[in-house]
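Residues in the sequence shown are numbered consecutively from 218, following this note's numbering.
Even for Gly, the Cβ is constructed at its ideal location relative to N, Cα and C.
Below you'll find the structure, written out as structure tokens, and then a few comments.
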Amino acid sequence: MHSDTFDLKALIRPVPDFPKPGVIFRDITPLFQSPRGLRYVADQFIERYVEAPFSHIGAMDARGFLIGSIIAHQLNKPLILFRKQGKLPADVLSEGYQTEYGEAFLEVHADSLCEGDSVVIFDDLIATGGTLLAATQLIRRTGAQVFEAAAIIDLPELQGSQRLQDTGVPTFCLTEFSLAEY
Numbered sequence: 218m219h220s221d222t223f224d225l226k227a228l229i230r231p232v233p234d235f236p237k238p239g240v241i242f243r244d245i246t247p248l249f250q251s252p253r254g255l256r257y258v259a260d261q262f263i264e265r266y267v268e269a270p271f272s273h274i275g276a277m278d279a280r281g282f283l284i285g286s287i288i289a290h291q292l293n294k295p296l297i298l299f300r301k302q303g304k305l306p307a308d309v310l311s312e313g314y315q316t317e318y319g320e321a322f323l324e325v326h327a328d329s330l331c332e333g334d335s336v337v338i339f340d341d342l343i344a345t346g347g348t349l350l351a352a353t354q355l356i357r358r359t360g361a362q363v364f365e366a367a368a369i370i371d372l373p374e375l376q377g378s379q380r381l382q383d384t385g386v387p388t389f390c391l392t393e394f395s396l397a398e399y
């Protein structure tokens, strides 16, 4: 974790019992409403990746689009969108995965990546890792590789970061929360 005097956690709102009882949802809306907060997040990722040897930014539907597009713009990298099933108009590759709430499918345009490409994949948080693991499989199916999976928040008790690391994908998150932390 990166340490700084800026209190990133204060801009992440806990929403108890959403989307179901017993879950504390981590709402990044206040973070994006804070120009200083958004600048802080963008600057931390830009500093980490500005000289890194990768070719593309991948962004997860939908909150990953927010930070991924900023970083792609700032680093002048192509942005690859990983969408929920049925949202992309051209030929797609599809990958099923389990979320903490059930089964879902992730898709990417089949011509988005090719052998030799290297991708940093972004999402707002890493929980069980299902979305980022599905993106990893899609990337590998194109012949490309995942350079790193990045997120604002890690929920380490759900072991998503560990699952990614177990498949050879390094992870980087700006902060973490325990499941019970308010």
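Inset, instruction - Can you tell me which of the three DSSP states F223 falls into? - result: coil
Legend entry - Three-state class that DSSP yields for D371 in the structure shown: strand
Legend entry - N- and C-terminal bounds of the alpha helix (DSSP H) containing Y266: P252 to Y266
Legend entry - Own chain partners of R300 with C-beta closer than 6 angstroms, once the 5 adjacent residues on each side are dropped: D278 and E324
Legend entry - Expected contact under 8 angstroms - CB spacing of E365 and T348 to nearest Å: Wrong, their Cβ atoms sit about 15 angstroms apart, outside the cutoff.
Inset, instruction - Answer yes or no: do D340 and A276 have a C-beta to C-beta separation smaller than 9 angstroms? - result: yes
Legend entry - Cα-Cα separation between Y314 and Q250, rounded to whole angstroms: 31 angstroms
Legend entry - Supposed close pair L305, H326 - CB separation, criterion 8 angstroms: 6 angstroms
Legend entry - Buried/exposed call for H290, threshold 16 Cβ in 10 Å: exposed
Legend entry - CB of I245 within 9 angstroms of CB of H273, strictly: no
Inset, instruction - Taking 9 angstroms as the cut-off, decide whether the C-beta atoms of A361 and C390 are in contact. - result: no
Inset, instruction - Let me know if M218 comes out buried or exposed under the rule of 16 or more other beta-carbons within 10 Å of its beta-carbon. - result: Residue placement at M218 is poorly supported in this model, since its pLDDT is 47, which falls under 50; the coordinates still yield a value, given next. Flag for M218 reads exposed.
Inset, instruction - Whole angstroms is fine: what's the gap from R256's alpha carbon to I284's? - result: 10 angstroms
Inset, instruction - Could you give the DSSP three-state label for G346: helix, strand or coil? - result: coil
Legend entry - Per-residue burial, A367 [other beta carbons within 10 Å of its own, 16 or more giving buried]: buried
Legend entry - Reduced DSSP category for M218 - H, G, I as helix; E, B as strand; rest coil: Reliability of the predicted coordinates at M218 is poor, the pLDDT of 47 falling under 50, and the value obtained from them is presented with this limitation in mind. Coil at M218, not helix or strand.
Legend entry - Straight-line Cα distance separating G333 from G239: 43 angstroms
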